[in-house]
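Taking it in order: structure first as C-alpha cells, then the write-up.
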Amino acid sequence: MSDLLSKIAECIEFGKINKAAPFPPQMKGLVGADELTKLALEEGVIPQDILTKGLMVGMEKVGVKFRENKVFVPQVLMSAKAMSTAMVHLKPYFLTGEVKQKGKFIIGTVEGDLHDIGKNLVSMMVEGNGWEVIDLGTDVKADRFVAAIKEHKGAFVGLSALLTTTMVNMEKITKAIKNAVPEAKVTVGGAPVNKDFCEKIGADAYSPDPQGLVEYLNTQLN
Ligand code: B12
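Note that our numbering gives residue 76 to position 78 of the sequence shown, counting from 1, and the numbers run on in steps of one.
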C-alpha cells in the first residue's frame, strides 16, 4: 500500500496527470495520479490515507521546491492539475465526511486588482495541502469577504494584491473583517506586500509564497 501511495505522491510532485499525458518526459507512458488513485481505492486503501499520505505529500514537496526556486510556475500548475484530477475520485468521500479537510480558507484578490495568477497558485497549494478553498475571484470588496466569513464560520482568509495602488485596500478590508468578525485570521500576500506592511495594517500573517502560508495555516490547527 505504501508503495502505491508513494507513487501517487511522486505523480503529484512531478505533475504526472494520467497515462496519456506526455509530461514529465521521464514518466511518459507510465500511469499517473488519475489511474493510481482509482487503483488505490479499488484495492481498499482508505481515502483519507490517499489524501494525506499520497497527494498531500507530493504537493508539499512541490511547495518547498517552488519556494527554493527549484521549480517554477508551469511545474506547479502541472502538479495542481494532477492533484485536481486525483481529487475527482475522492470527492464522493469528502461529501460523505469519510475524508476530512483541515478547515476552510477564503481567498480573493482585493478591490481594484485583477491579477489572479498568484492567487490561483496559492489556492491550489492550500487545497492540495488538505484545506477546502473558497475562491472569491478578483476585485473583491470588503463586504464580500465579510459575507463569506460569516457564511463559512471559522474560515481563514487570504488577501492578494499585485499593485501598490490596490495593496492599500488590504487595510480597509482587513479592518472591515476584524470589525465584523474579530476572531477571523487574515493573511496577506502578493508581490508588493511584506511583513512590515502586514503588521502595520493589523493582518495576522504574511508569506511571500504559498508554502509559507500552508505552514502558517497548519500551525493554527487545534
Ligand atoms: C501578468 C500581469 C498582468 C496581467 C494579469 C493577468 C492575470 N490573470 O493575473 C494583466 C495584463 C491583466 C495585468 C494588468 C495590469 N498590470 Co500587471 N503584471 C503582470 C505581471 C507580468 C505578472 C504578475 C504575476 O502573475 N506574477 C506571478 C505570480 C505567481 O506571482 P504573485 O502574483 O506575486 O504571487 C506569488 C506571491 O506573491 C504569493 N502570493 C500572491 N497572493 C498571495 C496571497 C496570500 C494570502 C499569500 C500568503 C501569498 C500570496 O504567492 C504567489 C506564488 O508564489 C507583473 C510583473 C511581474 N513580473 O511580476 C505585472 C505588474 C504586477 N502589473 C502592473 C501593472 C501596473 C498593471 C496594470 C495597472 C497595467 C495597466 N496600466 O493597465 C494593469 C492592472 C489591472 C488591474 N486593475 O489589476 C505592475 C504593478 C506596478 C505596481 N508596483 O503597482 C507590474 C509589477 C508590472 C510592472 N513592472 O510595472 N498585469
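Glycine included, C-beta positions come from ideal geometry on N, C-alpha and C.
Sequence-distant residues of the same chain with beta carbon closer than 7 angstroms to residue i, five excluded per side
i    : result
V69  : V60, K63
E125 : V131
P20  : K26
V97  : P45, Q46, L49, L88, Y91
G30  : C9, K14, I15, N16, K17, A19, A80
E169 : I199
For residue i, three-class secondary structure by DSSP
i    : result
A203 : strand
E130 : strand
V43  : coil
V186 : strand
T163 : helix
V233 : What the structure shows of the chain is the stretch from -1 to 220, and residue 233 is not part of that stretch, so it cannot be assessed.
K59  : helix
T35  : helix
F103 : strand
V191 : coil
V29  : coil
V144 : helix
V138 : strand
V108 : strand
V69  : coil
L211 : helix
Same chain only: Cβ atoms within 6 angstroms of residue i, ignoring 5 sequence neighbours per side
i    : result
K51  : L3
G200 : T172
M54  : N127, G128
S77  : I10, G13, V60
Counterpart residues of residue i in DSSP-defined beta bridges
i    : result
L3   : Paired residues: none, contrary to the question.
F12  : Answer is none; F12 lacks a bridge partner.
V179 : Partner(s): none; V179 has no beta bridge.
Close beta carbons around residue i, own chain, < 8 angstroms, minus the five adjacent residues each side
i    : result
F143 : I104, G106, L134, V155, L157, I171, A174, I175
T162 : P190
Q99  : F92, G128, W129, E130
K148 : A178, V179
Whole-number beta carbon distance between residue j and residue i, since they are thought to touch under 8 angstroms
i    : j    : result
H113 : L160 : 4 angstroms
D32  : A84  : 6 angstroms
N127 : E58  : 7 angstroms
M123 : V212 : 6 angstroms
K102 : H150 : 5 angstroms
V108 : T164 : 5 angstroms
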